[in-house]
Structure formats: C-alpha cells, structure tokens
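A.B. asks: All the letters of the sequence shown, read from the start, carry residue numbers 0 to 512 under numbering that gives the first Met the number 0.
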Amino acid sequence: MSPLTERSYPPVLEDQESERLVQVVKDWTIGNGLAVRPPVAVAPAEVDPRSILATSAPVTLFPSPFPQVCFEQAKAVQTAYNELYARISQDEEFISRVVQEVIGGDDFIASLWDVHLKVKKEGYVQPLSLGLFRSDYMVHQENQGTGTQESMPQIKQVEFNTIASSFGGLSALTSSLHRFLAATEYPLLKGTGAHGQYNLPENKSTQGLAAGLRAAYSAYGKSQLGHETCVIFLVQGGERNIFDQRHLEYELQQGSRTPVFRLPFSEILQRTTIADSDKRQLLYHLPSNPSKVFEVAVVYLRAGYGPGDYPNTSDWDARYHIERSAAIKCPTVLTQLAGAKKVQQVLATEASGLGKFISQDTEEFKKIWETFTNIYPMDTSEAGLAARKLATDPEKCQKYVLKPQREGGGNNFYRSSIPPYLKSVSESHWGSYILMELITPPPVTNIILRNGQLEQGGVICELGRYGACVWNQHTREILYNEDAGYLLRTKGDQSEEGGVAAGFGCMDSCSLV
Ligand code: ADP
Ligand code: MG
Ligand code: MG
C-alpha cells in the first residue's frame, strides 16, 4: 500500500508543529495571493469600512491523496468534453427541447431562453463563442468497504460548468503552496507520515484559462471603428473571491498587454453602449474618463449565472444587450443553457442521448460515457415516474440528490430532505428537477485551515478539470480546444455541499497515489 493511503495520513501534528505550519501557510497565502476578501463574520463593516482587508483562502495543510488513474482519466477526457459542449451549444433545437421540459417550473431558465429568442430574431452578429469550462468529479469505487474485492477507482461526473467556472486562479497557487510545504516544512515534522513522498502534479489552471481568453481576444480581431479592444470581466458587486479573478487578469498581461476592465453586472447599461452600425460592436466607456472608449472583444461572465443577479427587469435588458452585441461571450446564453443539469441528465440517461453528439463507436464516446453515474429525469416518462418513486420513498431517497437547474452551490436537496421538499412543490413542476445517485468516494482524512482555525477529520474531495474552447457557431469549426489544469476542492465529510465560495469547502491539491 502506498504511504499516502495509510491511516497515519496526514501526519499527526504536535501543538508546536501545527502552530508553525499555520504560521507558514498564513504568510505564504497572503504573500502569494492565495486570498479572499474576508467574510462579514470575520470583518464586519465597522471593522473594515473601506474593504481593505484580505485573508487567506481556506486550504488544507496537506495535499489530499488522490488516485493517479482518476486524475489521468479526467485529464484525458477534457478536450472531448470541450468539443461535446461546443456541439451542444450549436444545437439550438436540442437545447430548445431541454428548455421546454424545465421551463414550466423555472422562470430563470425561461427568461434566459427569451433572451436567446429575441437575439435570434434580429440575428446574432458574432459567430464565435468562448467556453471556459470545468468538469467536476468524485472518485467512485465498486465494492468500497464491503470486504469483497474492490475494483479500480474511477471518476464519476458531479456536473459540468459552462458559466463562471471559478477557482482556476487560486487552484494553481494551492498546488504551489503544497509544493512549497513539501520542500520546506513537511520534512521537518516528527510524525512518521508520508512527508517527502508526495507526488504533486503540475497545475497550470491560471495560464490555461487566461490562454483561452487570449485565444478569443485574438480571434475577435482589430476594431473597425479605430478603438483599442478590451476584455470585460462581468462581475458581482461585493465579490469576495476577487483575487481568483484578478490572477486571470494579471496572467492575461503576460506577453502582450490586454486591457481588462471589471464591470459589475448591475452597471452594464450605464457603462456600455452598442455602436450604431450593423456590426453592433459593444463599446465600454471608462467611468474615470468617459471620453476614453474601448471596443469590447470578449465578455467573460463571472456573474449572471443565477436569479440573484437579475433583481430588476433592467438586468434582463442588460443581459440581452450583451448577448446581441458583437463581443465574444464567455458564455453565450445557449452555452450557459448547455450547462444545465437537465442536459447532463439527458446525456447520461441513455447512450442515444450522448450518441446524438458523438458517434458511439469512438474512443471519445467511451471515455465520456464512463464518467457518467445514474441520473434520472423527474418528468412523466417511464424513467421519470420510476425516479419519482425513488425520490418520494423515505428509505430509497437516501442514495440520491435532487437538483434544480441552478448554479453556484446551496441549491440541491439531499437524501431525507428530498421527499418533504417535493411535497412543497407542485407535481406539475417536478420535471424541472433531476435526480442523481450520490457518489460516495473512499474516505480521506486531512486538516483544513479556515479563518485561522484548524478542522481535522474525514474529508470528501471533488476534482475539477478546466477546459478552454473557442468555436464558430455557424461553421461549427473549433478554433481552440485545450485542457486547462485542475482544481481540488475538499469539504468535511459531514457536509453535503462543497462550494468554497459558499463557505462549505476549501482549496486543496492532489498528491497522486
Ligand atoms: P452547483 O452547480 O451548485 O455547484 P453541484 O451539482 O456541483 O451544483 O452540487 C453541489 C455540490 O453537491 C457538489 O460540489 C458536491 O459536493 C455535492 N454533490 C452534487 N452531486 C453529487 C453527487 N451525485 N454525489 C455526491 N455529491 C454530490
Ligand atoms: Mg458544482
Ligand atoms: Mg455548477
């Protein structure tokens, strides 16, 4: 057995050792920008009225052991996944059918679809699309803990993100942190753990995502209006995970200069206009110098993925304004909709679902198909009625998670909470959910440092693999398709959700075993 899977992992720390490690991690994270703005609980407005404080992102003190076969599996399938989601985005009829199935119980999806229909009517002026994707997985092992022969571990997909796939900017840094600790700190520990024997894969997530942005920026070409071109990061007000985004921005400046502006979603209509020409160029007016105008080549959405960003009808007008413009969107409305959980369910439920996009006798089909776990519709089809039985049964529901068409964490219903929740929803709307089997990865232990405090115990790891893709919606040509590094997020095993920003999880890196 490899040392990292021994019970003694992570090494047992004496008080002075953990104090030393905490100090080193606190300093390294701030020194290198593995940081977030503090939560209100840590720095209330009266303590930090000018929002000048930053604090360490929650991290594990040690990299978590992760099966190498699973790591390689995720890496090997990423460009096939990029192409798959580019193809789905190009298939408006397919997305339309999926949308119709959930729209009855989901006003948010309905509003997104309306934006697409309105732009379609007048005609899209930008055929190019950028996807910065993240495919999330957990490790699954047959017969785990049953005493019978355990099979090879495999990854099973949790979800595929097509909008605001976050943490790429912090994830590469977390890998660097653990590399630094493995070189300087772990060898000083007294415990008999595996220090010194870490297998830490390289992680170029920041560079990978920035390269995708740069590919789209270059593909846009020069301004025909004589302006300088720029990239807009469309963001939420009061974003705490700002450094994650800033690292991508800074990376974009490596090599050639690329003007990047952060624009709060709520200020789109104030700060941008559309040129009075058939081309509908999007123009950004610098607030500090309104006579300075940039033509927007790429709009990168780190907002707009959930209803919270659209409190007023003018916010939908703003999304429409972006969508109809000539800027390359990351993502378009169609690509955002392609990331709906309902799409994942349709792909995973029958081979013909995925087979619509990739021919079934290919290696790519096999690789993607193997990452799916059981996902069921909650509609009135035969499979849907069977799933409704599972979801409403107090015993059987223990193996499942119920998901609405939402992003950003905190929206799902787990195990026992499924039947009472469904009772509170009109049955005519159940079709806008999907039911998914829970993946239960083998147990791992680690120590999490969050807000200066250590939490030690069983953890659950979720691997994300980033991908960057630029394609032409009309000609279907794929101009750029690359793997873009990884994310490992870890949460306490008592928590159902794993979002770092939502306060459940923390940043981690893989030590391959
Ligand atoms: P979101 O788009 O809000 O991130 P996810 O589908 O990723 O939604 O679900 C949120 C979290 O719930 C995941 O990060 C994971 O921790 C947990 N989760 C979701 N689906 C499963 C599953 N099938 N098995 C185990 N955990 C899951
Ligand atoms: Mg998720
Ligand atoms: Mg998601």
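Glycine included, every Cβ here is placed at the ideal spot set by N, Cα and C.
Values in this document were obtained by computation on a predicted structure and should not be read as measured data.
1. Would you check whether ligand 1 has a heavy atom nearer than 7 Å to the C-beta of Lys402?
2. Among the candidates Leu127, Lys398, Glu461 and Arg387, whose CA atom is the shortest distance from the CA of Met137?
3. Does the Cβ of Glu158 lie closer than 7 Å to at least one heavy atom of ligand 3?
4. On the DSSP bridge assignment, give the partners of Ala382 in chain order.
5. Let me know the secondary structure DSSP gives Tyr309 once reduced to three states.
6. Is there at least one non-hydrogen atom of ligand 3 closer than 7 Å to the beta-carbon of Glu406?
7. For a minimum of 3 consecutive residues, which ranges assigned as the beta strand (DSSP E) are wholly contained in the segment 107 to 191?
8. Would you say Asp392 touches ligand 2, meaning its beta carbon is less than 7 Å from a heavy atom?
9. Give the DSSP bridge partners of Ile446, in chain order.
10. Compute the Euclidean distance between the alpha carbons of Glu273 and Leu282, then round it to the nearest angstrom.
11. Comparing alpha-carbon positions, which option in Glu266, Pro418, Gly407 and Leu384 lies nearest Val400?
12. Quick one: is Lys120 buried, meaning 16 or more other Cβ sit within 10 Å of its Cβ, or exposed?
13. Identify which residue in Pro126, Thr78 and His115 has its Cα closest to the Cα of Ser95.
14. Only counting the same chain, and skipping five residues up and downstream in sequence, which positions put a Cβ closer than 8 Å to that of Ile108?
15. Measuring only the C-alpha atoms, how far is Thr4 from Leu511?
16. Could you spell out where the alpha helix (DSSP H) holding Leu346 opens and where it closes?
17. So what does DSSP say about Arg245, is it helix, strand or coil?
18. Going by C-alpha to C-alpha distance, which of Asn450, Tyr465, Asp492 and Ser423 sits closest to Ile438?
19. Is Asp135 near ligand 2, with its Cβ less than 7 Å from a heavy atom?
20. I need the boundaries of the beta strand (DSSP E) containing Ala56, first residue and last residue.
21. Cutting at 6 Å between CB atoms, please list the residues of its own chain near Ser175, excluding the five before and the five after it.
22. Can you tell me whether Leu487 is buried or exposed? The criterion is at least 16 other CB atoms within 10 Å of its CB, across all chains shown.
23. In the segment 197 to 252, which residue ranges form an unbroken beta strand (DSSP E) of at least 3 residues, counting only runs that do not cross its ends?
24. Would the segment 260 to 271 count as touching the segment 313 to 325 if we require 3 or more Cβ pairs under 8 Å?
25. Between Ile231 and ligand 1, is there a pair consisting of the residue's CB and a ligand heavy atom that are separated by less than 7 Å?
26. By how many angstroms is the C-alpha of Thr474 removed from the C-alpha of Gln344?
27. For Ser1, which three-state DSSP category applies?
28. In the DSSP assignment, find the beta strand (DSSP E) that holds Arg261 and state where it starts and stops.
29. Taking 8 Å as the cut-off, decide whether the C-beta atoms of Leu33 and Leu169 are in contact.
30. What first and last residue would you give for the alpha helix (DSSP H) that runs through Phe93?
31. Using the Cα positions of Tyr465 and Gly354, report the straight-line distance between them to the nearest angstrom.
32. Return the CA-CA distance between Asp26 and Phe412, expressed in angstroms with no decimal places.
33. Going by other Cβ atoms of all chains shown within 10 Å of its Cβ, with 16 needed for buried, is Glu227 buried or exposed?
34. Buried or exposed: which applies to Ile51, given that a residue is buried once 16 or more other Cβ atoms fall within 10 Å of its Cβ?
35. What's the gap between the Cα of Thr205 and the Cα of Gly484?
C.D. replies: So, to answer that:
1. Within the sequence shown, the letter at position 403 stands for residue 402. Between ligand 1 and Lys402, a heavy atom-to-CB distance of less than 7 Å is present.
2. Here residue 137 refers to the residue found at position 138 when the sequence shown is read from its first residue. For the residues Leu127, Lys398, Glu461 and Arg387, the minimum Cα distance to Met137 belongs to Glu461.
3. As a first step, residue 158 must be located in the sequence shown, where it is residue number 159. Glu158 Cβ: within cutoff of ligand 3.
4. Residue numbering aside, residue 382 sits at position 383 when the sequence shown is read from its first letter. Per DSSP, none; premise fails for Ala382.
5. Residue 309 sits at position 310 when you count from the first residue of the sequence shown. Coil at Tyr309, not helix or strand.
6. Position 407 of the sequence shown, counting from 1, holds the residue named residue 406. Within the cutoff, so yes.
7. Whole beta strand (DSSP E) segments, 3+ residues: 127 to 139 and 153 to 160.
8. If you number the sequence shown from 1, residue 392 lands on position 393. Checking the Cβ of Asp392 against ligand 2 gives no.
9. Translated into the one-based positions of the sequence shown, residue 446 becomes position 447. For Ile446, which the question treats as bridged, DSSP gives the partners Gln455.
10. If you number the sequence shown from 1, residue 273 lands on position 274. If you number the sequence shown from 1, residue 282 lands on position 283. The question names Glu, but residue 273 in the sequence shown is Ile. Cα-Cα distance, rounded: 6 Å.
11. On the sequence shown, residue 400 is found 401 positions in, with the first residue counted as 1. Selected option, being the one with the closest Cα: Pro418.
12. Numbered from its first residue, the sequence shown carries residue 120 at position 121. Counting Cβ neighbours within 10 Å, Lys120 comes out exposed, since fewer than 16 surround it.
13. To locate residue 95, count along the sequence shown from 1; it is residue 96. Checking every option, the nearest Cα to that of Ser95 belongs to His115.
14. Within the sequence shown, numbered from 1, the residue matching residue 108 stands at position 109. Counting only Cβ-Cβ distances below 8 Å, and skipping sequence neighbours, we find Val98, Val101, Ile102, Leu336, Ala339, Gln404 and Ser431.
15. Within the sequence shown, residue 4 is the residue found at index 5, counting from 1. Within the sequence shown, residue 511 is the residue found at index 512, counting from 1. Its pLDDT being 45, under 50, Thr4 is placed unreliably in this model, and the value from its coordinates should be taken loosely. Each residue's Cα considered, the two are about 10 Å apart.
16. Within the sequence shown, residue 346 is the residue found at index 347, counting from 1. Looking at the DSSP string, the run of the alpha helix (DSSP H) that includes Leu346 is Lys340 to Thr348.
17. For this step, residue 245 is matched to residue 246 along the sequence shown. Helix, per DSSP.
18. As a first step, residue 438 must be located in the sequence shown, where it is residue number 439. Measuring from the Cα of Ile438, the nearest candidate turns out to be Asp492.
19. The residue labelled residue 135 in the question sits at position 136 within the sequence shown. Asp135 Cβ: within cutoff of ligand 2.
20. Working through the sequence shown from its first residue, we reach residue 56 at position 57. No beta strand (DSSP E) contains Ala56, which DSSP labels as neither H nor E.
21. Looking up residue 175 in the sequence shown gives position 176. Here the set comprises nothing.
22. The residue labelled residue 487 in the question sits at position 488 within the sequence shown. Leu487 comes out buried.
23. 227 to 234
24. yes
25. The residue labelled residue 231 in the question sits at position 232 within the sequence shown. No, ligand 1 has no heavy atom inside 7 Å of this Cβ.
26. Within the sequence shown, the letter at position 345 stands for residue 344. Within the sequence shown, the letter at position 475 stands for residue 474. So the two alpha carbons sit approximately 27 Å from each other.
27. Looking up residue 1 in the sequence shown gives position 2. In this predicted model, Ser1 has a pLDDT of only 41, less than 50, meaning its place in the structure is not dependable; the value taken from the coordinates is given anyway. Note: Ser1 maps to coil in three-state DSSP.
28. Residue 261 sits at position 262 when you count from the first residue of the sequence shown. From DSSP, the beta strand (DSSP E) with Arg261 extends over Val259 to Pro263.
29. The residue labelled residue 33 in the question sits at position 34 within the sequence shown. The residue labelled residue 169 in the question sits at position 170 within the sequence shown. Yes, the pair counts as a contact, with Cβ atoms nearer than the cut-off.
30. Counting from 1 along the sequence shown, the entry for residue 93 is found at position 94. Phe93 -> alpha helix (DSSP H) spans Glu91 to Ile102.
31. Locating residue 465 in the sequence shown gives position 466, where the first residue counts as 1. Locating residue 354 in the sequence shown gives position 355, where the first residue counts as 1. Looking at the two C-alpha atoms, the distance is approximately 23 Å.
32. Within the sequence shown, numbered from 1, the residue matching residue 26 stands at position 27. Within the sequence shown, numbered from 1, the residue matching residue 412 stands at position 413. Cα to Cα, Asp26 sits roughly 38 Å from Phe412.
33. Along the sequence shown, read from residue 1 onward, the residue named residue 227 stands at position 228. It is exposed - the Cβ of Glu227 has fewer than 16 other Cβ atoms within 10 Å.
34. To locate residue 51, count along the sequence shown from 1; it is residue 52. Exposed, by the Cβ-count rule.
35. Within the sequence shown, residue 205 is the residue found at index 206, counting from 1. Within the sequence shown, residue 484 is the residue found at index 485, counting from 1. Their backbone Cα atoms lie some 8 Å apart in a straight line.
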